[in-house]
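One structure is given here, and the rest of the page talks about it.
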Amino acid sequence: MASSTADLHIFFLPLLTPGHMIPMLDLSVLISARGIRSTIITTPSNADLLRLSLSDYNNPNIHLHTIPFISETSLHHPENLTSLPTPEVTPDFFASLCGLESHVENLLLTHRPDCIISDIFYPWTTALAKRHGIPRIVFHGTSYFAFTLMSVISLLRLYDSVSTSDDLFLVPGLPHPIKMTRSQLPQIITSPPEFTTGFAASWKENYGMFQEIRAGLEAAGRPFVWVVREDPVAEGNVPVSGEGSVGFVIKGWAPQLAILKHQAVGAFLTHCGWNSCLEGIAAGVPMITWPLFSDQQFNERLLVDVLGVGVGVGSVVNSMKEEERTVVVAEKVAAAVEAVLGGGQEAEERRRKAKEMKAAAAKAVEEGGSSEVELGRMVDALWALKMGGTKEVAGNGVISADCEI
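Using the numbering used here, the final residue of the sequence shown is 405, and nothing's skipped along the way.
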């Protein structure tokens, strides 16, 4: 049963990777600003990362609870996907995620929340929430556009309609002509791992590269800031050919949003993770798209074909493994940079559209804006449920990282 106190209390269970933890943290901040208690559940190593971000808010309505993370193969298995050789949920990692269930249930028994918002990779939280008489809402770390494309392509098996992995097929039923190839699709669509077979069923039960980049950037003759995870180049200033200026290389984490909002930034080369797409849109900068895996190819189609704010470098293989991806040569990177930063009508039009999208994004999160209103509708629905009403969460209880609900 849900808590009997007057306060609404929501549990948040993010996937153990920054790309999912940060947007769920942001969602908890938005919800707690409405006077609602928010409890974020994570593991000890990941708690340190979240505490650093939470210190910026000083919000008494947000609490953090840690639960142990134990792998079936090793007590010292990394607790975050970024520590694995490839940033994918492996069967062993998924088994460890499933091992969190008993600990989450103990917290449910102790704190009696009114709702649990959990990542798509915790399908077991559907049955768990049902046992305790509370709604579970699924959190997707991607855009509703990508979710729609993946659903249509999977349902119709459009990738079976082409003879080779490089042949284009059209995604039907959309207002824009979106064409893709089999090689651009993530493995979860073409050959899903066995452990993902229960994902769809759980939704129905819900309430609701390194050297070629540098060479391309240098060949474009434009100053740049380049953030790298590993060590393909030295950190710090690097020369830019032709202009007598310099670029700057940062290893590890960088204040991406602050950099994008700087008036000197004219373009953003991105791998098209949804968080980065949103930050580029919010900053009003056109984007150079280089998708690698997961939903990134779908997000590229949104930026290039629908919104008209992006130019692709020609990355056509969707894979977690670097050795399986096609190499995008420096000349293509340089050409894409020039297409975005150069002159001409098309470049000007992209910059105009990017500014329009910035204004639209800002309006959406203002009081009375579409995202702000939809978040309010979700909170109102949870209040009604707590008080004995039957009002349902808008959008069948599915939350996307861009606040689609």
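We put the CB at the ideal spot given by N, CA and C, even for glycine.
For this session: Taking 7 Å as the cut-off, decide whether the C-beta atoms of F210 and P113 are in contact.
Result: Position 210 of the sequence shown, counted from the first residue, corresponds to residue 210. Position 113 of the sequence shown, counted from the first residue, corresponds to residue 113. Not a contact, by the Cβ cut-off of 7 Å.
Exercise. In whole angstroms, what separates the C-alpha of G344 from that of E338?
Worked result: As a position in the sequence shown, residue 344 is number 344, starting the count at 1. As a position in the sequence shown, residue 338 is number 338, starting the count at 1. Each residue's Cα considered, the two are about 10 Å apart.
Exercise. Of the residues P23, I31, T66, L30, which one's Cα is nearest the Cα of T43?
Worked result: What you label residue 43 is simply residue 43 of the sequence shown in a count that begins at 1. Measuring from the Cα of T43, the nearest candidate turns out to be T66.
Exercise. Under 7 Å, do I288 and A336 count as touching if we go by C-beta distance?
Worked result: In the sequence shown, the residue the question calls residue 288 occupies position 288. In the sequence shown, the residue the question calls residue 336 occupies position 336. A contact, by the Cβ cut-off of 7 Å.
Exercise. Given that a residue counts as buried once 16 or more other Cβ atoms are within 10 Å of its Cβ, and exposed if not, what is A359?
Worked result: Here residue 359 is taken as the residue at index 359 of the sequence shown, counted from 1. By the 10 Å Cβ count, A359 comes out exposed.
Exercise. Tell me which same chain residues have a C-beta within less than 7 Å of the C-beta of F199, skipping the five on either side of it?
Worked result: Here residue 199 refers to the residue found at position 199 of the sequence shown. Closer than 7 Å at the Cβ level, and outside the excluded window around F199, lie I120, P123.
Exercise. In terms of DSSP beta bridges, what is M387 paired with?
Worked result: Translated into the one-based positions of the sequence shown, residue 387 becomes position 387. DSSP output for M387 lists no bridge partner at all.
Problem set entry | Beta-carbon proximity check, V306 vs G312, cutoff 7 Å | Residue numbering aside, residue 306 sits at position 306 when the sequence shown is read from its first letter. Residue numbering aside, residue 312 sits at position 312 when the sequence shown is read from its first letter. Result no, Cβ atoms of V306 and G312 do not sit closer than 7 Å.
Problem set entry | Length at least 3, wholly inside the stretch 41-116: the beta strand (DSSP E) runs in chain order | 62-66
Problem set entry | Outcome for L8 when other beta-carbon atoms lying within 10 angstroms are tallied against a minimum of 16 | If you number the sequence shown from 1, residue 8 lands on position 8. L8 comes out buried.
Exercise. Counting Cβ pairs, one atom from each stretch, are 3 or more of them under 8 Å apart for the stretch 10-30 and the stretch 125-142?
Worked result: yes
Problem set entry | Assumed close pair M320, T86 - CB separation to whole angstroms, cut-off 8 Å | Taking the sequence shown and counting its residues from 1, the one referred to as residue 320 is at position 320. Taking the sequence shown and counting its residues from 1, the one referred to as residue 86 is at position 86. Indeed they touch by this definition, with Cβ atoms about 4 Å apart.
Exercise. Mapping DSSP to helix, strand and coil, what is G247?
Worked result: Taking the first residue of the sequence shown as position 1, residue 247 is located at position 247. Correct three-state label for G247: strand.
Exercise. Which ranges would you report for the beta strand (DSSP E) in the stretch 302-351 if only whole runs of at least 3 residues count?
Worked result: 310-312
Exercise. Apart from the five residues just before and just after A354, which ones in its own chain have a Cβ nearer than 7 Å to its Cβ?
Worked result: Start at 1 with the first residue of the sequence shown, and residue 354 comes out as number 354. The residues are G284, V285, P286, V309.
Exercise. Between the beta-carbon of I40 and the beta-carbon of S28, is there less than 7 Å?
Worked result: Locating residue 40 in the sequence shown gives position 40, where the first residue counts as 1. Locating residue 28 in the sequence shown gives position 28, where the first residue counts as 1. Taking 7 Å as the Cβ cut-off, I40 and S28 qualify as a contacting pair.
Problem set entry | Unbroken alpha helix (DSSP H) run spanning L269, endpoints | The residue given as residue 269 occupies position 269 in the sequence shown. First-last for L269: 268-270, but that is the beta strand (DSSP E), not the alpha helix (DSSP H).
Problem set entry | Where the beta strand (DSSP E) containing L168 begins and where it ends | Counting from one through the sequence shown, the residue named residue 168 turns up at place 168. From DSSP, the beta strand (DSSP E) with L168 extends over 168-171.
For this session: Starting from the C-beta of G273, find all residues in its chain whose C-beta is less than 7 Å away, skip the five residues before and the five after it, and write them out in chain order.
Result: For the purposes of this step, residue 273 is identified with residue 273 of the sequence shown, where counting begins at 1. These residues qualify, in order along the chain: G19, Q296.
Problem set entry | Whole-angstrom distance between S370 and F224, CA atom to CA atom | By 1-based counting over the sequence shown, the position of residue 224 is 224. By 1-based counting over the sequence shown, the position of residue 370 is 370. If you take the alpha carbons of F224 and S370, they lie about 34 Å apart.
Exercise. Ordered along the chain, which non-local residues of its own chain (more than five positions away) have a Cβ less than 7 Å from that of N80?
Worked result: Here residue 80 corresponds to residue number 80 of the sequence shown, with the count starting at 1. Taken in chain order, the residues that qualify are L16, T17, S45, N46.
Exercise. Hey, how far is the Cα of I167 from the Cα of V333?
Worked result: As a first step, residue 167 must be located in the sequence shown, where it is residue number 167. As a first step, residue 333 must be located in the sequence shown, where it is residue number 333. According to the sequence provided, residue 167 is Asp. The question's Ile does not apply to it. Each residue's Cα considered, the two are about 23 Å apart.
For this session: State the beta-bridge partners of L13 as determined by DSSP.
Result: As a working note, residue 13 is residue 13 in the sequence shown. Paired residues: S118.
For this session: Out of P135, D160, E101, point me to the one whose CA is closest to I117's CA.
Result: As a first step, residue 117 must be located in the sequence shown, where it is residue number 117. Among P135, D160, E101, the Cα nearest to that of I117 belongs to P135.
Exercise. If you measure from the beta carbon of I137 to each beta carbon in chain C, is any gap under 7 Å?
Worked result: Included in the structure is just one protein chain, with no chain C present.
Problem set entry | Of the residues P175, A258, I36, P23, the one placed nearest H148, counting alpha carbons only | Counting from one through the sequence shown, the residue named residue 148 turns up at place 148. A small correction: the amino acid at residue 148 is Thr; His does not occupy that position in the sequence shown. Out of P175, A258, I36, P23, P175 has the C-alpha closest to the C-alpha of T148.
For this session: Could you have a look at I137 and say whether DSSP puts it in helix, strand or coil?
Result: Within the sequence shown, the letter at position 137 stands for residue 137. Strand.
For this session: On a CA-only basis, which of R131, P23, S191 is nearest L54? Give me that one, please.
Result: The residue you call residue 54 lines up with position 54 of the sequence shown. Ranking R131, P23, S191 by Cα distance to L54 puts P23 first.
Exercise. Taking the DSSP output, what are the residues bridged to M180?
Worked result: Residue 180 sits at position 180 when you count from the first residue of the sequence shown. According to DSSP, M180 bridges with F169.
For this session: Could you check if Q263 is buried or exposed, using at least 16 other CB atoms within 10 Å of its CB as the buried criterion?
Result: In the sequence shown, the residue the question calls residue 263 occupies position 263. Classification of Q263: exposed, given that the 10 Å Cβ count is below 16.
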